[in-house]
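J.: Please see the structure below; I have some questions.
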Amino acid sequence: MSTPLYQLKAEFFKTLGHPARIRVLELLSEREHAVAEMLPEVGIEAAHLSQQLAVLR
Numbered sequence: 002m003s004t005p006l007y008q009l010k011a012e013f014f015k016t017l018g019h020p021a022r023i024r025v026l027e028l029l030s031e032r033e034h035a036v037a038e039m040l041p042e043v044g045i046e047a048a049h050l051s052q053q054l055a056v057l058r
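Add 1 to a position in the sequence shown, counting from 1, and you land on the number used in our numbering.
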């Protein structure tokens with residue numbers, strides 16, 4: 002039995018539910034960035050950025 006579409010959509014939007022994740026996606030839509038490049042743009046500590054990137058994976 003496959004997962005209902007509404008549940009897949011909910012999981013997708015939950016992934017976007019943090020401002021840092023949205024900012025990361027904005028930056029990556031422009032070009033590739035190293036994590037160190039994104040830190041000042043996202044405005045969070047390296048450990049927190051790493052956690053947010055893990056969620057996006």
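We put the CB at the ideal spot given by N, CA and C, even for glycine.
Using a Cβ-Cβ cut-off of 7 Å (strictly less than) and excluding sequence neighbours within five positions of I45, which residues of its own chain qualify?
T.: Around I45: A21.
J.: Note down the Cα distance separating E31 from T4, rounded to an integer number of angstroms.
T.: Cα to Cα, the separation comes out at about 32 Å.
J.: Establish whether the CB of E33 and some CB of chain B are separated by less than 8 Å.
T.: Structure shown: chain B not included; a single protein chain is present.
J.: Between R24 and the rest of its own chain, which residues show a CB-CB distance below 6 Å, the 5 nearest in sequence each way excluded?
T.: Counting only Cβ-Cβ distances below 6 Å, and skipping sequence neighbours, we find V43.
J.: Leaving out five residues before and five after L17 in sequence, what residues of the same chain have Cβ atoms less than 8 Å from its Cβ?
T.: The residues are I23 and L26.
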